[in-house]
Amino acid sequence: MEVFTIENLTFKYPQGKNYALDNVNLKVNKGEFLLICGKSGCGKTTLIKHMKAALAPAGEKSGDIYYNGTLLCDVPERIQAQEIGYVMQSPDSQIVTDKVWHELAFGLENLGYKNSVIRIRVAEMASYFGIQNWFHKDVKELSGGQKQILNLASIMAVQPEVIILDEPTSQLCNIAAQEFLALLKRIHEELGITVIIVEHRLENVFPMCDRVVVMDKGKIISSGNLQQTIHNIKDNEFFDAMPVPVKICTALGAPEYKVPVNVNEGRCFLEKYMAGKNLPKESSTHYIGCGRDNIIEASDVWFRYDKDGEDVLKGLNLNVEKGSLTCVLGGNGTGKTTMLYTLCGLLKPYRGKVTVKGKNVKKWGNGLYGKVIGMLPQNPTALFRRDNVYEDISECIIDGKNADKKIEEISRLLDITDILDMHPYDLSGGEQQRCALAKVLLTEPEILILDEPTKGFDGFHKRKLAEIFKKLLNDGITILMVSHDIEFCAEYADRCALCFDGGITVSGDVTEFFSGNSFYTTSANRMAREYFPYAVTAEEVKELCITT
Amino acid sequence: MKNQFENWHPLAQFVYFVLIFGISVFVMHPVITGITFVSAITLGVIIDRKKFFKMLFCLYIPAIIIGIIINPLFSHEGVSILWYFPDGNPLTLESIIYGIMSGIMIGSIFTLFFSFNKIMTSDRIMYLTGCIFPHISLIIAMVLRFIPEFKYHLSEVLNAQKCIGKGINEKNVFNKIKNACAVMQIMATWAFESSVEKSDSMRARGYGLYGRSRYVPFKITKRDIILITAMIITGSIVIYSLCVGNIYVWYYPYFKINESGGYVYIVYFLYAVMSMLPVFDILMEEAVWKSLQSKI
Chain D
426 MEVFTIENLT FKYPQGKNYA LDNVNLKVNK GEFLLICGKS GCGKTTLIKH
476 MKAALAPAGE KSGDIYYNGT LLCDVPERIQ AQEIGYVMQS PDSQIVTDKV
526 WHELAFGLEN LGYKNSVIRI RVAEMASYFG IQNWFHKDVK ELSGGQKQIL
576 NLASIMAVQP EVIILDEPTS QLCNIAAQEF LALLKRIHEE LGITVIIVEH
626 RLENVFPMCD RVVVMDKGKI ISSGNLQQTI HNIKDNEFFD AMPVPVKICT
676 ALGAPEYKVP VNVNEGRCFL EKYMAGKNLP KESSTHYIGC GRDNIIEASD
726 VWFRYDKDGE DVLKGLNLNV EKGSLTCVLG GNGTGKTTML YTLCGLLKPY
776 RGKVTVKGKN VKKWGNGLYG KVIGMLPQNP TALFRRDNVY EDISECIIDG
826 KNADKKIEEI SRLLDITDIL DMHPYDLSGG EQQRCALAKV LLTEPEILIL
876 DEPTKGFDGF HKRKLAEIFK KLLNDGITIL MVSHDIEFCA EYADRCALCF
926 DGGITVSGDV TEFFSGNSFY TTSANRMARE YFPYAVTAEE VKELCITT
Chain A
536 MKNQFENWHP LAQFVYFVLI FGISVFVMHP VITGITFVSA ITLGVIIDRK
586 KFFKMLFCLY IPAIIIGIII NPLFSHEGVS ILWYFPDGNP LTLESIIYGI
636 MSGIMIGSIF TLFFSFNKIM TSDRIMYLTG CIFPHISLII AMVLRFIPEF
686 KYHLSEVLNA QKCIGKGINE KNVFNKIKNA CAVMQIMATW AFESSVEKSD
736 SMRARGYGLY GRSRYVPFKI TKRDIILITA MIITGSIVIY SLCVGNIYVW
786 YYPYFKINES GGYVYIVYFL YAVMSMLPVF DILMEEAVWK SLQSKI
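Protein chains in written order, with the numbering used here: chain D, 426 to 973; chain A, 536 to 831.
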């Protein structure tokens, strides 16, 4: 039986030029785990918003949406609130109240349940989701991953039939994202709840879903189970976003409709593929430090926020070479962002020294920002000052000469030409990130510091970003970035460092770094480490497999 | 450390604070105020020793000293003259006594307020306001959620703007004002956007449907009912004897206090019990815990 039936849905935003949704037909079966994916800005969020009348955006709309056989607009609001749960992208802004217990009870209060019922449900949810340890906490004390779990739990408390999730893990680190998805999987399997999830980071979610819908420019271009999807989009540029095992095994000629989708299956496939072949001698291409000067040096830096608080940075040592792309990896709450702030001189360490271009950061003053250091913050909305993107980014141009040309160039480079006259807040997460990056790049800094630049990016735009990085590096600009995105760092960084417990635990060139770790490494490396311990990216593995 | 007083039902805590605040604000009787002072200090010490002593030395003791010094300087009533100021005004014993008493009173009110802040956490206050105005309690909850979010985002914006060379600590005044305005504008837009998203989330979860209920995470127990009844009975007896005039005090023109006797002692005793109730409860619980431990 279908939970949702969408017939010929076409939709256009009031200011939009193109149709956000173009004649979409979709059926969602009861008990299904449905993944909707596609390039950033392809209309996937718009589509799922239409599945809940309270969230449906305003604009030109035609076509029908049925919920359990009834037109959605005829389904009473109470039923919709009860049966259709919706988890949004940002962990923060959907939390209404200040206490964890109150948030869990909020939906139940709205539906007018009695105190005794609410008490049972809240207790049940807290136990099921492992919230009991932070049940009495203030929401502000929670980490991003905990907040998102709380959002899921408070939706589940009203016992919905369907839950719709809009990129729920995009703001989380890899480990927290996996934890969240595991919970989601558990809900789906144990309670038989229909799950509709929109994601652009497919690595973890792809293997666990029943059906995948791929969208492009407001249209559904593929719909089917995993193997059908792989088959359908093999030649599409979106194939780049597929999980690494899929990419490698397809390239190695895995039989159609039997493509491995996770690391384990990928390993089995490789075993068969490599059987009888001679392994090349172990070789690793060591990155030879070109003896370039260190542009940023941090030695033995200690920092804490409160006098009585815990140390966030504990003896941090980090050197960034001029003209290199250095990535700092690490989970949430290990002090990565604090580290960046300290390196920029925004936070003052109580011990240790940070120098930028050989000069102590304390002595730089305001001259440091803009021309020397440009930073892209974690939250891109913190940068937007104007009502439209064009005005906003043109503000950052330092000398007026060739301003238009520069803007044109940068917007082409970052693929934001189409959205120049929109309000920054109306953009999708990935688009906002790109506009913010455009702003920072236009200030023409010598050192570019980026906090999670690939957040909200899909495979296509990540490749674009990497091209930009390459160009900047050629121009002699130094890039330091902090990221959760192991795959991206493995592919493009010169050096990687792991931030843990307030310090840099390991640092080295990419191959050395990833082949030394066994969990905290790329899926390609996990898949092929038996044969090629030094291959870390999908490309390398592919090449090595083919050449041997 | 969690103490037993924190586990009381908010209503019981509320009754306690209303009674003791009410009596200590309106009555400045040496014995009554003294009892309040002692119990307030004991309670403060038990609840959070470290912070309390900090507050004690920085705030309460100066307040008491100021009360003691200032009153005799400005009030010259009273019959027992001790000395004449150079300007000819008398320094009287009564005004000194009055100053001491008012200093102690202010001190105990501060001290009680310290405990009140520690015990009556936001969710408890919200529960109490919610009993009378159900809608306001949700608004308070949302405001309490909004403030830290706003603060966090503000620091994020300030740092982000600074890092692209548009900080608000520039030397050029014109740029400084321009950038500060921009930050304000960003924050306004952000607040608007985030509240739109928040209201979406609220509507999606059924806010605005008819017949909203209110979840109360506190359960009233038999113990709480006994405590409330005990406090109300003792409190009424004390207040009654204060109103009727069995217990009184004059400071001016001369110091005169009610005569002591059996009845008066009973009232003092009852008030002491009432004001020390949380302290007794905490200490008793600790004692029970220790005895249980030692038996093992």
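Cβ atoms here follow ideal geometry from the backbone N, Cα and C, with glycine treated the same way.
For PRO669 of chain A, the uninterrupted alpha helix (DSSP H) segment begins and ends at 669 to 698. Beta-bridge analysis with DSSP links PHE436 of chain D to D:LEU446, D:LYS486. Under the Cβ criterion of 8 Å, GLU728 of chain A is counted among the residues facing chain D. Partner residues in a beta bridge of SER810 of chain A, as assigned by DSSP, do not exist. For SER724 of chain D, the uninterrupted beta strand (DSSP E) segment begins and ends at 719 to 729. For the segment 689 to 720 of chain A, the residues whose beta carbon sits under 8 Å from a beta carbon of chain D are, in order, GLU691, VAL692, ASN694, ALA695, GLN696, LYS697, CYS698, ILE699, GLY700, LYS701, GLY702, ASN704, GLU705, LYS706, ALA717, GLN720.
Apart from sequence neighbours up to five positions away, the residues of its chain that approach PHE925 of chain D with a beta-carbon distance below 7 Å are GLY755, THR759, ordered along the chain. Contact between GLU528 of chain D and LEU575 of chain D holds: their C-beta atoms lie close to 6 Å from each other, under 8 Å. Beta-bridge analysis with DSSP links PHE429 of chain D to D:VAL453, D:TYR492.
Of the candidates D:ALA582, D:SER579, D:LYS524, D:LYS524 places its Cα closest to the Cα of LEU679 of chain A.
Taking a C-beta cut-off of 8 Å against chain A, the contacting residues of the segment 861 to 877 of chain D are LYS864, VAL865, THR868, ILE874, listed in chain order.
Sixteen is the threshold: since fewer than 16 other Cβ atoms of the shown chains lie within 10 Å of the Cβ of TYR730 of chain D, the residue is exposed. Shown here, MET563 of chain A sits in coil according to DSSP, grouped into three states, outside any helix or strand. Selection D:ASN804, D:GLU820, D:LYS642 evaluated against SER465 of chain D yields D:LYS642 as nearest (Cα-Cα). The continuous beta strand (DSSP E) containing ARG920 of chain D extends over residues 920 to 925. Take VAL512 of chain D, set aside five residues on each side of it, and the residues of its chain with a beta-carbon closer than 8 Å to its own are GLN519, GLN573, ASN576, LEU577, ILE580, ILE588, ILE589, LEU590, ASP591, PRO593, in chain order.
If you look at ARG611 of chain D, you'll find it in the alpha helix (DSSP H) that goes 599 to 616. With contacts defined by Cβ atoms closer than 8 Å, LEU546 of chain A and ILE761 of chain A do not form a contacting pair.
Only buried fits GLY795 of chain D, as 16 or more other CB atoms lie within 10 angstroms of its CB. If you look at SER541 of chain D, you'll find it in the alpha helix (DSSP H) that goes 540 to 553.
With contact defined as three or more Cβ pairs closer than 8 Å, the segment 497 to 517 of chain D and the segment 439 to 454 of chain D are not in contact. Scanning chain D for C-beta atoms nearer than 8 Å to the C-beta of LEU744 of chain A yields GLU502, ARG503, ALA506, ASN535, LEU536, GLY537, reported in chain order. Annotation: the continuous alpha helix (DSSP H) that includes VAL630 of chain D extends over 627 to 630. Put simply, the backbone Cα of LYS887 of chain D is about 8 Å away from that of PHE913 of chain D. For ILE621 of chain D against ILE473 of chain D, the beta-carbon gap comes to about 6 Å, under 8 Å, which counts as contact. Beta bridge pairing from DSSP links LYS778 of chain D with D:SER724. For ASP876 of chain D, no alpha helix (DSSP H) segment is defined; the enclosing uninterrupted segment is the beta strand (DSSP E) at 872 to 876.
Along the segment 723 to 791 of chain A, the alpha helix (DSSP H) occurs as fully enclosed runs of 4 or more residues at 757 to 779, listed in sequence order. Residue state for CYS693 of chain D is assigned as helix, using DSSP reduced to three classes. Rounded to the nearest whole angstrom, the CA to CA distance from ALA963 of chain D to ASN704 of chain A is 47 Å.
For ARG636 of chain D, the enclosing beta strand (DSSP E) covers residues 636 to 641. Assignment of THR627 of chain A by DSSP, reduced to helix, strand and coil, places it in the strand class. When 7 Å is used as the limit between beta carbons, TRP725 of chain A is near these residues of chain D: THR806, in chain order.
The C-alpha of GLY734 of chain D lies about 29 Å from the C-alpha of ILE798 of chain D. With respect to the 8 Å criterion, THR675 of chain D and GLU457 of chain D are not classified as neighbours on the basis of their beta carbons.
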